[in-house]
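Asks:
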Amino acid sequence: MTSTARSGTRPARRADLGRPFRWLWASTAASNAGDGVTRTLLPLLVVAHHPDPAAVAGLTAVNMLPWLLFALPAGVLVDRVDRRRIVLGSNLVRAAALLGAALVLADDRPLALLYALAFLLGIAETLADTAAPAMLPRLVDERHLERANGRLMAAQIVLNETAGPPVAGLLVGLTAAAALATGGVLYALAALLLCGLAPLVRPGREAAPGGPAGGVLRDIRKGLGFVLADRTLRLTLAASALYGLVFSATFSMLVLLSDRTLGLSETGYGLLLAAGSLGAVAGSWLAPRAAARLPTVRLARWSLVASGAAYTALGLVRHPVLAALALAANGVFMMGWNIPVMSLRQRLTPEDLQGRVMSVSRLCAWGTMPVGATLGGLLAEALSVPAVFVVCGAVLAAGALLLLAPLREDHSAPAGRPAPAGPPAPGAPPPSSDRPPSDPPPHHDPLDKG
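In our numbering, the protein residues as written are 452 to 901.
1) Whose CA, out of R796, L723, G828, lies closest to the CA of L778?
2) Identify whether L708 lies in helix, strand or coil by the three-state DSSP scheme.
3) Considering only C-alpha positions, which residue in the set V783, R594, L814, V706 is nearest to A690?
4) If you measure between the beta carbons of A420 and L622, is that distance less than 8 angstroms?
5) Mapping DSSP to helix, strand and coil, what is L715?
6) As a quick exercise: from R749, A833, L493, L590, pick the residue whose alpha carbon is nearest that of F472.
7) Give, in chain order, every unbroken run of the beta strand (DSSP E) that is at least 3 residues long and sits entirely within the stretch 602–657.
8) Which class does L554 belong to by DSSP, given the choice of helix, strand or coil?
9) Once the 5 residues before and after L926 are set aside, which same chain residues still bring their CB inside 7 angstroms of it?
10) Rounded to whole angstroms, what is the Cα-Cα separation between D710 and L631?
11) Pick helix, strand or coil for D592, following the three-state DSSP scheme.
12) Counting C-beta neighbours from all protein chains within 10 Å, is the total for R656 16 or more, i.e. buried, or is it exposed?
13) My assumption, with CB atoms under 8 angstroms, is that A582 sits in contact with V529. Please give the rounded CB distance.
14) When you compare each of A700, L556, H501 to A627 by their alpha carbons, which one comes out closest?
15) Could you please give the first and the last residue of the uninterrupted alpha helix (DSSP H) stretch that includes E832?
16) Can you say whether H500 is buried or exposed, counting buried as having 16 or more other CB atoms within 10 angstroms of its CB?
17) Within 10 angstroms of its Cβ, does E717 collect 16 or more other Cβ (buried), or is it exposed?
18) Just the Cα atoms here: how many angstroms apart are G823 and C843?
19) According to the neighbour-count rule (16 or more other Cβ atoms, all chains shown, within 10 Å of its Cβ), is R669 buried or exposed?
20) Across the stretch 541–549 and the stretch 587–605, are there enough close Cβ pairs to call them in contact, namely three or more that are closer than 8 angstroms?
21) Is A499 helix, strand or coil when you go by DSSP?
22) G438 to L565, Cα distance in whole Å?
23) Straight-line CA distance for V538 to Q805?
24) Apply the 10 Å Cβ neighbour rule to G624 and answer buried if 16 or more other Cβ atoms are within range, or exposed otherwise.
25) Throw me the rounded Cβ distance for the G635 and T491 pair, which I believe falls under 8 angstroms.
26) Given this structure, state the Cα-to-Cα distance separating P561 from D803, to the nearest angstrom.
27) Going straight from the alpha carbon of L707 to that of P584, what length do you get?
28) Expressed to the nearest angstrom, what Euclidean distance is found between the alpha-carbon atoms of L520 and L858?
29) Count the other C-beta atoms from every protein chain shown that fall within 10 angstroms of the C-beta of A731, then say buried if there are 16 or more, exposed otherwise.
30) If you reduce the DSSP assignment to three classes, tell me which class D580 lands in.
31) In whole angstroms, give me the CA-to-CA distance for L737 and A774.
32) Whole-angstrom Cβ separation of S699 and T577, contact assumed at under 8 angstroms?
33) If you follow the alpha helix (DSSP H) that P561 is in, where does it begin and where does it stop?
34) Just to confirm the assignment, what range does the alpha helix (DSSP H) spanning L755 have?
35) Under the assumption that A522 contacts G818 (Cβ atoms under 8 angstroms), give the Cβ distance between them as a whole number of angstroms.
36) Can you tell me which of L571, A553, V527 puts its alpha carbon nearest to the alpha carbon of L516?
Structure, rendered in structure tokens:
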């Protein structure tokens with residue numbers, strides 16, 4: 452459904468987000484369970500057979516490379532065709548890839564095949580993760596975006612980052628083939644659940660008017676122009692790019708920090724990830740409430756600064772419990788950035804540009820990750836694995852203060868998504884994205900990354 456105008460009355464505290472959202476949530480939950488198994492499993496397989504920082508960092512770089520190569524064309528595709536079908540097809544491709552890998556990689560696990568699997572999964576993820584968030588403003592009222600995003604992210608955290616890693620650790624202790632097959636079955640389930648959305652999201656309504664194939668570059672330029680014309684989008688996306696570099700540099704080295712510095716087993720590594728995920732679950736509950744009471748930019752800025760401090764602490768501690776606490780704190784602050792900023796971008800973007808703006812957002816956040824993973828490996832070899840976390844944390848905290856400083860402290864989400872922005876007329880006021888809403892934001896009762 453299209454977004455409705457604000458009625459001026461405060462919505463019900465626990466307003467139902469609707470059946471279409473529930474189908475999307477269920478499908479996303481299943482796909483994130485598959486993510487949780489495979490993302491933990493693949494680094495463990497690499498470490499078991501190729502235990503050096505460059506090989507581990509290379510896996511992350513290859514997995515994230517499709518975001519750098521295909522994110523912008525994916526945004527054009529998402530704005531032209533049925534977004535539901537894109538997500539469904541991506542889940543089927545991932546299911547087939549993992550079920551096939553369960554047979555091919557059962558005994559021999561050459562690095563080239565592991566990289567090829569990571570690259571294919573990355574392509575499917577690029578399409579699915581661009582299309583799914585672009586669907587959300589059509590499924591729920593814009594007043595409930597923080598709550599809907601919070602529930603999706605909570606499902607992602609619980610199944611992708613909390614339940615998935617220890618399950619993957621246990622499965623790989625038995626057989627890697629079983630772990631790969633489990634991921635494939637979960638992606639197949641995600642595709643099946645998404646079929647429930649078919650009667651509710653028609654391709655004709657979901658797609659923006661398409662152009663010829665030669666218009667892809669034109670459509671990409673239109674999306675980039677919209678982002679560059681809006682100061683809030685421009686600077687928050689720059690901060691997302693920095694966060695992507697820091698996250699990938701640190702996450703690619705986390706398995707080595709767990710093994711070499713903290714002395715944890717494979718199961719212990721999964722539990723360490725789960726500790727960070729529990730913090731993110733708490734953050735997905737707190738962030739919508741904080742966004743309803745605090746200026747968006749202030750909440751985002753200080754969440755990134757605090758996340759940088761948590762990364763630094765993670766590099767300094769040597770006890771597993773303290774490391775788990777640092778990861779849990781980082782999870783809270785990560786949601787304090789992700790949920791308000793994601794909802795803000797969805798509000799600022801018109802329907803026919805949702806896919807392209809989301810693709811620019813993913814390009815900034817995820818397309819920088821191959822670079823970050825490579826830098827993390829180089830920094831670990833030049834200094835040490837813990838030094839990666841200390842340096843990256845300091846860079847994130849300083850960068851958040853500098854990049855978000857030009858935005859006003861009283862910035863809040865506008866009441867609705869504006870029309871596509873063009874060059875301002877001479878003497879025109881600043882873009883409406885810098886203005887507060889005309890009425891107070893509704894009270895959000897969050898909970899449900901999914």
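Ideal Cβ placement from N, Cα and C applies to all residues, glycine included.
Replies: With the given structure in hand:
1) L723
2) helix
3) L814
4) The first residue shown for the chain is 452 and the last is 901, placing residue 420 beyond what the model contains.
5) coil
6) L590
7) none
8) helix
9) The structure shown does not extend to residue 926, since the chain is modelled only from 452 through 901, so no value can be given for it.
10) 22 angstroms
11) coil
12) Because R656 carries a pLDDT of 42, less than 50, the predicted location of this residue cannot be relied on, and no value is offered for it.
13) 5 angstroms
14) L556
15) 820–833
16) exposed
17) buried
18) 10 angstroms
19) exposed
20) no
21) helix
22) Because the chain in this structure spans residues 452 to 901, residue 438 falls outside the shown range and cannot be described.
23) 15 angstroms
24) exposed
25) G635 to T491, Cβ: 15 angstroms. No contact.
26) 44 angstroms
27) 32 angstroms
28) 30 angstroms
29) buried
30) helix
31) 22 angstroms
32) Actually they do not touch by this definition, with Cβ atoms about 15 angstroms apart.
33) Element bounds for P561: n/a, residue is neither H nor E.
34) 747–767
35) 6 angstroms
36) L571
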